[in-house]
Structures are given as structure tokens and as C-alpha cells.
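In my numbering, the protein residues as written are 8 to 446. Virtual Cβ for every residue (Gly too), placed ideally from N, Cα, C. These figures come from a predicted structure and were not determined experimentally.
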């Protein structure tokens, strides 16, 4: 007898969609996820965006595009062109881009049923800074509250329809996640996730008809087997994964920078494994390794004879000697980090390659892994000196490190293990190392 294929509904928050490209409703990873997973025949997947999320992305896209208008005007002056580009034209074009992408990705837009909202409760939560509102003096969270209400209305309507369906809400906003999880704590078919890896793992588990309890146990066993601090028998060390990644991708991926910029890689991060499939006792995984980096340049600041400080990007009068930056042996947790809340297990990578994040430590929520690294670790700045003859009128100088942008290089390690009786893990196999082109 054939088993019924699972039905799954996925709702996205704005922060998991964001991209710097003003003509894209969502980033490359989310777009690829939707198109790839929608082709599966072993699951019935539906994708949703709350109307507020669409409007928020529309605002972000327009704001980014409007910032380009002065440059367009200068180009018209330079080229003697009369090309008309204004805010109305930009807005109409962005609306067109959004509608086309909603259609091409087969996304359903969810509207708020205002009559079903407990406005009194919402106002009280806003006044007393309760989740999803932040505790800051400057109140934030109204849009998040509307997004939460829209998702909870979808949960309610799905349950009333008596549909055997699993619902996922994707966000990496800590307060919103906390609020929705409190609302659904007695609901077995709803889960809040923070990244695409977690979503894919859950979808694969549902299609394989593995329970969430069993999946959680498999993940814990395999995560420890893949990497454990100080254990040379860990899969990561036995397979020399760091060396394999460097040999295969160093020139093309780990050192590639824009012209005129320098790149500094930060501490490598290992994410929990993503479940792929199960064949008898063999479990297949994809474990992501992410390498945050910054792109920067040196800007000399010169002190003139009259005491005036000037900055120049011309390095030719001097030779800058720098000491290489080495990755710290262990991640450093700033003393300002509080331990008031439990650490959200699927929000951030659980392991640094040179040490596990201490249990109970609650790190600041962040949409950017590289900004997290900046908070989590302290790296010594390169030392520098000037040699050669200074320019006329310049008595001394120093160099300022200016960060231009940041990002991450990501790799999926595809591997498998046998999990036998009494949770014995054995016979590990490395299948492939895949570079991910993530924005």
C-alpha cells in the first residue's frame, strides 16, 4: 500500500528573503530552494508570503533604487542623455518585478483578516514591550506582530479544514520566533525554523516518514560524530576536510576579491547536519561549513606640518608592511553577552572549528554570520610601518583599515554513516564537497 505524500505549507518572514539586489523579491538561495523543492513528486509543497512581507520588501527595494537616482542624473549630464528616470518609474518597475516573481515561483500572498485580531492584546504587548515587540526604548515590532497574526490565522484555518498538513514558519528574528513558538506550543504540526538547511532536513524526514523525535536523535548523534573539539577521531579531522576544501577551492573561492580590495577570512563555522535520506541503516547528511570574511582596504592618514590630518588612498609614497592575521585558537565570547535566555539551537552554528560555543550562552541574534563573528571574536589588527621618503609637508602617518563589505563562503559536505542498534555510529563515507554560491 502506497503511503500518502505529506502536505507542507511554508511561510517566509522578510529577513530570510533579503537581498541587496533591488530587482529581486528574495535572495538567490530562497529562489533556488522554492524552484528545486517544488519539482519534487514525493511531497505537496505550498509557499506563502504575508502581504506585509511583500510590502516591506517593496519598500526595501524602492529605497535601494532611489539611492541610485543621483548617479543616473550625473550620467545623463555626462552623456548628454535625456533618459527620464524618476521615483514613479522605479516604483512601477519594482511592482512589475515583484508580481512576476510571485507568479514564476507560484507563491501565495496571505492577507490579514483584521476582524480576527485581538487588538487589545496587541496594544498591551506593544506598550509593555512583550514579544514580538522589542524591549528597546524605541518600540519595534508592529510589522512583526501583523506577520505573526497572518501566520497564526493560516494555522487556524488549516486545522479547521481538518487537513493533515505540516506548517513551517521561517524567520531569524528572535522576538518573533519566541512569540510564535509560545502560541503554537500545544500544536504538533507547526514548527518555526531559521534557515533553509533546517527546512530541507524536515521536508526530507517527512517524505521518509521519520518522526521528529527520531530525526532529532539522528542529528545529535551525527553532529557529534562529524566534529567534536579535541577528538582526532571526529569525521572532520579523519577526512582532513579543512585541507580538502583549501586545496580544492582556495584560489577560486577562498581568495577571490574585488579589484583593489583585500580579503580576511574569519573563524570557520560548522552547522548542524541536514538530513537527506535514509537507506536501511545508512543515514545521508549534508553539513554546511561557512567561512565568514571581510573585504577591506588600507587608507593612510597623514599628519602635515601644520597638524592637519589628511586621508589618501595613494599608497605609492610608502610601503606598508603587515603581519599576517592568524585565526584565534578558540572563539572568544565577549563578557557583555548575557545568559538570561536559552540558546536557540537552530538559530546559529553550534560549533566553531576551534571550540564549541559554551552551553547556556545566549548570543545576540544576527542576520549576518560575519557580523556575529565580529561580535564573537577579537582579532588583532595587522601591525604596519612606513618605509621610504615621505611626501613634502607630511611629517608622519598611520594606516586605517576600512571594511568595504562582508560575506561568507559556504560549502556543503555530503556524507553518510550507519546508525545501528544502541545508536552505534559507524562506517562514515565522504561523498562530495560542494561550493555554494551564496549572496
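Item                                                                                                                                                                             : Value
Just checking my contact of residue 270 with residue 302 at CB under 8 Å: how many whole Å lie between their CB atoms?                                                           : 6 Å
Cβ of residue 156 within 7 Å of Cβ of residue 124?                                                                                                                               : yes
When the Cβ atoms of the stretch 25–34 are set against those of the stretch 184–194, are three or more pairs found closer than 8 Å?                                              : no
Exposed or buried, what is residue 345 when buried is set at 16 or more other beta-carbons lying within 10 Å of its beta-carbon?                                                 : Residue placement at residue 345 is flagged as unreliable, the pLDDT there being 31, under the threshold of 50; a coordinate-derived value is accordingly withheld.
Identify the continuous beta strand (DSSP E) that holds residue 437 and give its terminal residues.                                                                              : 432–443
Identify every run of the alpha helix (DSSP H) within the stretch 10–68, keeping only runs that are complete inside it and at least 4 residues long; order them along the chain. : 35–45
In the DSSP assignment, the alpha helix (DSSP H) including residue 203 goes from what residue to what residue?                                                                   : 203–214
Measure the Cβ-Cβ separation of residue 208 and residue 281 and say whether it is below 7 Å.                                                                                     : yes
Pick helix, strand or coil for residue 271, following the three-state DSSP scheme.                                                                                               : strand
State the DSSP-derived secondary structure class of residue 107, mapped to helix, strand or coil.                                                                                : helix
With a threshold of 8 Å, are at least 3 pairs of Cβ atoms found where one atom belongs to the stretch 234–250 and the other to the stretch 34–53?                                : no
Report the option in 171, 137 and 197 whose CA atom is closest to the CA atom of residue 160.                                                                                    : 197
Given a threshold of 16 other Cβ atoms within 10 Å of its Cβ, counted over all protein chains shown, does residue 379 qualify as buried or as exposed?                           : Residue placement at residue 379 cannot be trusted, given a pLDDT of 31 that sits under 50; the coordinates are not used to answer.
Just how far apart, CA to CA, sit residue 329 and residue 412?                                                                                                                   : Interpretation of residue 329 is limited by its pLDDT of 32, a score under 50 that renders its predicted location unreliable; no figure is taken from the coordinates.
So who's on the other strand from residue 303, going by DSSP bridges?                                                                                                            : 269 and 410
What do you reckon, are the CB atoms on residue 424 and residue 290 nearer than 7 Å?                                                                                             : yes
Check whether the stretch 199–215 and the stretch 8–25 are in contact - that is, three or more C-beta pairs closer than 8 Å.                                                     : yes
So which of 88, 152, 72 and 96 has the shortest CA-CA distance to residue 60?                                                                                                    : 152
Could you tell me which of 80, 176 and 41 sits nearest to residue 21, measuring between CA atoms?                                                                                : 176
Reducing DSSP to helix, strand and coil, say where residue 295 ends up.                                                                                                          : strand
Okay, do the stretch 200–207 and the stretch 219–226 touch, 3+ Cβ pairs below 8 Å being the bar?                                                                                 : no
DSSP state of residue 117, grouped into three classes?                                                                                                                           : strand
How would you call residue 116, buried or exposed, if buried means at least 16 neighbouring beta carbons within 10 angstroms?                                                    : exposed
Between which two residues does the alpha helix (DSSP H) holding residue 221 run?                                                                                                : 219–233
DSSP on residue 122, reduced to helix/strand/coil?                                                                                                                               : helix
I need the DSSP call for residue 199, collapsed to helix, strand or coil.                                                                                                        : strand
Using alpha carbons as the reference points, say which of 180, 100 and 83 lies closest to residue 19.                                                                            : 180
Can you look up residue 185 in the DSSP assignment and give me helix, strand or coil?                                                                                            : helix
Counting Cβ pairs closer than 8 Å, one from the stretch 41–58 and one from the stretch 245–257, do we hit at least three?                                                        : no
How many angstroms separate the CA atom of residue 188 from the CA atom of residue 219?                                                                                          : 16 Å
Whose C-beta lies closer than 6 Å to the C-beta of residue 112 among residues of the same chain, with five residues either side of it excluded?                                  : 41
Taking all protein chains shown into account, decide if residue 416 is buried (16 or more other Cβ within 10 angstroms of its Cβ) or exposed.                                    : buried
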